[in-house]
Amino acid sequence: DPYHLPKDWRNRHPGEYDKGWDAVRQKRLKRQVEMGIMPAGTELAERMWFVPDSIVLAPASRYILGKKMELYAGMVENMDFHVGRLIEHLKKIGEYENTIFVVFGDNGAEGTDLFGMIAGSPGSRDNLFAAINWSQTHPNAWGDPGTWVGYGPMWAQVSMTPFSQYKGWLAEGGIRNALIVSGPAVKRPAGSINHGLMHVADLMPTLLEMAGVSYPKTYNGRELPALMGKSWGKVLAGQAETPRTEQDYLAWEIFGNRAVRQGEWKLRWQYKPFGKGDWELFNLAADPAERTDLAQERPDKLKELIALWDHYVRTNNVILPSRGPFDTLEKDMPQRVTVYPGFPPLIYKQQFVPPKEMMADPKP
Numbered sequence: 040d041p042y043h044l045p046k047d048w049r050n051r052h053p054g055e056y057d058k059g060w061d062a063v064r065q066k067r068l069k070r071q072v073e074m075g076i077m078p079a080g081t082e083l084a085e086r087m088w089f090v091p092d093s094i095v096l097a098p099a100s101r102y103i104l105g106k107k108m109e110l111y112a113g114m115v116e117n118m119d120f121h122v123g124r125l126i127e128h129l130k131k132i133g134e135y136e137n138t139i140f141v142v143f144g145d146n147g148a149e150g151t152d153l154f155g156m157i158a159g160s161p162g163s164r165d166n167l168f169a170a171i172n173w174s175q176t177h178p179n180a181w182g183d184p185g186t187w188v189g190y191g192p193m194w195a196q197v198s199m200t201p202f203s204q205y206k207g208w209l210a211e212g213g214i215r216n217a218l219i220v221s222g223p224a225v226k227r228p229a230g231s232i233n234h235g236l237m238h239v240a241d242l243m244p245t246l247l248e249m250a251g252v253s254y255p256k257t258y259n260g261r262e263l264p265a266l267m268g269k270s271w272g273k274v275l276a277g278q279a280e281t282p283r284t285e286q287d288y289l290a291w292e293i294f295g296n297r298a299v300r301q302g303e304w305k306l307r308w309q310y311k312p313f314g315k316g317d318w319e320l321f322n323l324a325a326d327p328a329e330r331t332d333l334a335q336e337r338p339d340k341l342k343e344l345i346a347l348w349d350h351y352v353r354t355n356n357v358i359l360p361s362r363g364p365f366d367t368l369e370k371d372m373p374q375r376v377t378v379y380p381g382f383p384p385l386i387y388k389q390q391f392v393p394p395k396e397m398m399a400d401p402k403p
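In structure tokens:
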């Protein structure tokens with residue numbers, strides 16, 4: 040965010056998102072399974088506890104919030120259109136077959152908007168619903184220069200279906216992305232899907248290998264550190280499913296939150312209420328939505344991954360903060376209700392209720 044796009048791209052999906060975020064997430068997961076992107080039996084992550092069920096909102100409220108997602112969809116469609124223009128140009132100059140396309144996001148979907156950053160806490164009216172009279176942020180002006188609109192946590196989680204959370208957190212919704220690669224180095228059938236574990240650090244060694252260039256040992260007389268990433272060369276050639284061995288691992292830290300991934304296992308520590316304030320363990324092959332914490336059931340695996348985290352900290356001189364910027368959120372946000380394994384992800388025993396003025400049609 041913010042979403043800026045030409046006027047003729049803003050109204051291409053009228054009313055498509057008025058049905059609400061739950062319905063769109065369910066539809067997307069169904070299609071993901073049908074396409075082979077997600078395995079059969081995949082569950083949706085819990086809807087963020089501070090996001091209301093859109094069914095309880097007034098039609099006018101659903102319309103305003105749906106308009107945000109319409110703008111985002113138009114912006115993505117506009118980007119796709121211009122990628123098409125680039126492809127046509129490359130074909131015209133004879134360079135299309137000599138071009139590598141790599142498309143992915145830099146992190147999970149953004150779950151905030153400007154007004155939510157300057158007024159209100161997550162879960163409050165000011166955070167969930169745009170302030171129509173702030174600056175030029177009337178819905179009719181959204182997309183114009185000088186406006187600032189983001190689609191908020193409800194649609195961010197839709198963009199990250201079926202995963203948990205979004206940008207800024209280390210659940211899969213904050214760090215996992217789709218990756219599309221095409222070009223002369225790709226020998227797999229067009230449209231094939233790979234579920235190997237890739238990382239943004241892999242781009243450098245991959246592109247160097249494709250270009251036939253060696254990574255230098257020194258630069259300007261200074262020794263260069265070894266590359267952290269792994270080349271996708273064999274994966275793109277169809278000779279391997281992942282660039283990583285069973286011993287390789289990845290680790291992250293942001294704002295004091297931390298995570299480790301090795302194979303199908305993931306270790307995660309996040310501040311309350313977005314986490315437990317303690318280590319959680321997930322098997323992503325069986326539970327990509329991170330709904331079931333296995334830390335108590337698999338203390339052996341928990342110990343293994345904590346050791347990897349400690350290795351990562353030592354190797355990379357990681358300095359963790361004594362407190363994070365989010366460690367006071369628990370007292371400022373709506374109460375989080377425990378969602379037990381097997382509990383439906385879209386319904387809560389205690390539903391967060393938005394302000395009453397958002398639940399009734401406006402008076403004439």
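Using my numbering, read the sequence shown as starting at 40 and increasing by one per residue.
Backbone N, C-alpha and C define an ideal beta-carbon position, used for all residues, glycine too.
Throw me the rounded Cβ distance for the residue i and residue j pair, which I believe falls under 8 Å.
i: K226; j: G277; result: 5 Å
i: E116; j: R51; result: 6 Å
i: A240; j: G268; result: 4 Å
i: V90; j: A79; result: That belief does not hold up - the Cβ atoms of V90 and A79 are roughly 27 Å apart, past 8 Å.
i: G272; j: E248; result: 5 Å
i: V197; j: W60; result: 5 Å
Closest by CA to residue i, which one among the options?
i: V141; options: K342, L242, E336 and T354; result: L242
i: I94; options: T81, A62 and I76; result: A62
i: L218; options: D145, Y351 and H121; result: D145
i: G212; options: P45, N233, R307 and G80; result: R307
i: D47; options: A224, G182, R86 and L125; result: G182
i: G295; options: E262, I358, G222 and E285; result: I358
i: A265; options: P255, A334 and N259; result: P255
i: R86; options: A334, A195 and K342; result: A195
i: G113; options: N179, L44, G75 and H177; result: L44
i: R337; options: D119, W318, R353 and S253; result: W318
i: L341; options: E292, N355, K305 and S253; result: K305
i: I103; options: N179, G75 and M118; result: N179
i: K311; options: G363, T281, S270 and E292; result: G363
i: Q286; options: E343, R261, T138 and M77; result: E343
i: V427; options: N259, G260, S270 and R353; result: The question about residue 427 has no answer, for the chain in this structure spans 40 to 403.
Just curious, the alpha helix (DSSP H) that residue i is in, first and last residue?
i: R297; result: Element bounds for R297: not the alpha helix (DSSP H) but the beta strand (DSSP E), N296 to Q301.
i: V352; result: P338 to N355
i: I126; result: P98 to K131
i: W194; result: G191 to S198
i: L246; result: L242 to A250
i: A293; result: The sequence given here places Ile at residue 293; Ala does not occur at that position. Unbroken run through I293 is the beta strand (DSSP E), L289 to I293; no alpha helix (DSSP H).
i: E211; result: E211 to I214
Would you decide whether residue i is buried or exposed? Buried here means 16 or more other CB atoms lie within 10 Å of its CB.
i: G314; result: buried
i: L209; result: buried
i: G105; result: buried
i: L167; result: In this prediction, L167 has a pLDDT of 45, which is less than 50 and means its spatial position is unreliable; what the coordinates show is noted afterwards. Looking at its Cβ environment, which holds 16 or more other Cβ atoms inside 10 Å, L167 is buried.
i: R49; result: buried
i: G235; result: exposed
i: T245; result: buried
i: R101; result: buried
i: G155; result: Below a pLDDT of 50, predicted positions are generally treated as unreliable, and G155, at 48, falls in that range; no measurement from the model is reported.
i: Q309; result: buried
i: A250; result: exposed
i: A169; result: Note that A169 has pLDDT 43, beneath the 50 cutoff, so the model's placement of it is unreliable and the number below is only indicative. Looking at its Cβ environment, which holds 16 or more other Cβ atoms inside 10 Å, A169 is buried.
i: K69; result: exposed
i: L320; result: buried
i: A324; result: exposed
i: L83; result: buried
i: M237; result: buried
i: M108; result: buried
i: Y42; result: buried
i: R283; result: buried
i: S361; result: exposed
i: T186; result: buried
i: L263; result: exposed
i: G316; result: exposed
i: Y288; result: buried
i: E134; result: exposed
Can you tell me where the beta strand (DSSP E) with residue i in it begins and where it stops?
i: R307; result: W304 to W308
i: S221; result: L218 to S221
i: A63; result: According to the sequence displayed, residue 63 carries Val and not Ala. Where V63 is concerned, there is no enclosing beta strand (DSSP E), although the alpha helix (DSSP H) it sits in stretches over W60 to M74.
i: H274; result: Here residue 274 turns out to be Val, not His, going by the sequence shown. V274 -> not in any beta strand (DSSP E); alpha helix (DSSP H) instead, spanning G272 to L275.
i: L333; result: Element bounds for L333: n/a, residue is neither H nor E.
i: E11; result: Outside the displayed range of the chain (40 to 403) lies residue 11, so it cannot be described from this structure.
i: V141; result: F140 to F143
Would the stretch 48 to 60 and the stretch 297 to 311 be scored as touching if the rule is three or more Cβ pairs under 8 Å? no
Quick check: the stretch 143 to 151 against the stretch 189 to 196, are at least 3 beta-carbon pairs closer than 8 Å? yes
Can at least three beta-carbon pairs, one atom from the stretch 328 to 336 and one from the stretch 200 to 210, be found at a separation below 8 Å? yes
How about the stretch 225 to 239 and the stretch 270 to 287: do they share at least three Cβ pairs that are nearer than 8 Å? yes
Could you tell me whether the stretch 110 to 126 touches the stretch 339 to 348, where touching means 3 or more Cβ pairs closer than 8 Å? no
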